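Report on one structure; see the data block that follows.
In the numbering used here, the protein residues as written are 24 to 151.
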C-alpha cells in the first residue's frame, strides 16, 4: 500500500491522504472545489465541478494513471437540482470514457461545498 500526494492538487484538510495505491488501483479521497493553494471556489456549481475534475486529473496524472483509467466515481451533491449540470460537465471531462458512477444527495459538505467527488482508477500497466 502506498499513500500518495501531489502539490498540483489541494492538500488534505484532515488526517488522510489525497490518494492511496493498492493492488493496481488508485483510490482518491473526496475532492471539493479547493484550488491547489487551498482556496475554496465560490457558490457556482460549474466552477466547483470543473475545479474538482482538475484536482482529480492532477492526482491521477501525478501518480502514474489518468482520467481514461477511472473505473468508478462517486458524486455527492447538496442539491440534486444540479444533477443535469454535473452530467454535462462530466460528459465534457470524460468524453467517450464512461466510468460507473453513483450520485448521492447529502445535507452538507466541508467548507460549504456544493459538490464532492472521489474516484477509483487503475494504475497504468496494471489491470488493462
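Cβ atoms here follow ideal geometry from the backbone N, Cα and C, with glycine treated the same way.
All values reported here derive from a predicted model rather than from experimental measurement.
Problem set entry | Beta-carbon spacing of residue 92, residue 83 below 9 Å | The residue given as residue 92 occupies position 69 in the chain shown. The residue given as residue 83 occupies position 60 in the chain shown. Yes, the Cβ-Cβ distance between residue 92 and residue 83 is below 9 Å.
Exercise. With 16 as the cutoff for other CB atoms within 10 Å, does residue 137 come out buried or exposed?
Worked result: Here residue 137 corresponds to residue number 114 of the chain shown, with the count starting at 1. Buried is the label assigned to residue 137, since at least 16 other Cβ atoms lie within 10 Å of its Cβ.
Problem set entry | Exposed unless 16 or more other CB atoms sit within 10 angstroms - verdict on residue 41 | Here residue 41 is taken as the residue at index 18 of the chain shown, counted from 1. Classification of residue 41: buried, given that the 10 Å Cβ count is 16 or more.
Exercise. Grouping DSSP H, G and I as helix and E and B as strand, with all else coil, what is residue 137?
Worked result: As a working mapping, residue 137 is identified with position 114 in the chain shown. When secondary structure is reduced to three states using DSSP, residue 137 falls in the coil class, being assigned neither helix nor strand.
For this session: Counting only the same chain and skipping the five closest in sequence on each side, list residues whose C-beta sits under 7 Å from that of residue 131.
Result: Here residue 131 refers to the residue found at position 108 when the chain shown is read from its first residue. When the five nearest sequence neighbours on each side are left out, the beta carbons in the same chain lying within less than 7 Å of the beta carbon of residue 131 are those of 101, in order along the chain.
Exercise. Looking at the structure shown, is residue 77 part of a helix, part of a strand, or coil, going by DSSP?
Worked result: Mapped onto the chain shown, residue 77 falls at position 54. Of the three classes helix, strand and coil, the one that applies to residue 77 here is helix, per DSSP.
Exercise. Residue 114 lies in the beta strand (DSSP E); which residues open and close that run?
Worked result: Start at 1 with the first residue of the chain shown, and residue 114 comes out as number 91. No beta strand (DSSP E) holds residue 114; the alpha helix (DSSP H) holding it covers 106 to 117.
Exercise. Which whole-angstrom value describes the C-beta separation of residue 86 and residue 27, a residue pair presumed to lie in contact below a C-beta threshold of 8 Å?
Worked result: One-based indexing of the chain shown puts residue 86 at position 63. One-based indexing of the chain shown puts residue 27 at position 4. Yes, residue 86 and residue 27 are in contact; Cβ-Cβ is about 5 Å, under 8 Å.
Problem set entry | beta strand (DSSP E) segment containing residue 100, residue limits | By one-based count along the chain shown, residue 100 stands at place 77. 93 to 100 is the extent of the beta strand (DSSP E) around residue 100.
Problem set entry | Neighbourhood of residue 21 by C-beta, 6 Å cutoff - its chain only, sequence neighbours within 5 removed | With the chain represented from 24 up to 151, any question about residue 21 goes unanswered, as that position is not in the structure.
Exercise. Could you give the distance in angstroms between the alpha-carbon of residue 60 and the alpha-carbon of residue 32?
Worked result: The count along the chain shown starts at 1 and reaches residue 60 at position 37. The count along the chain shown starts at 1 and reaches residue 32 at position 9. Taking C-alpha positions only, residue 60 is separated from residue 32 by approximately 8 Å.
Exercise. Hey, out of 44, 24 and 34, whose CA is closest to residue 54's CA?
Worked result: Walking along the chain shown from the start, residue 54 turns up at place 31. The option with the nearest alpha carbon to residue 54 is 34.
Problem set entry | Inter-residue Cα distance where the pair is residue 191 and residue 141 | This structure does not reach residue 191, given that the chain is present from 24 up to 151, and the question cannot be answered.
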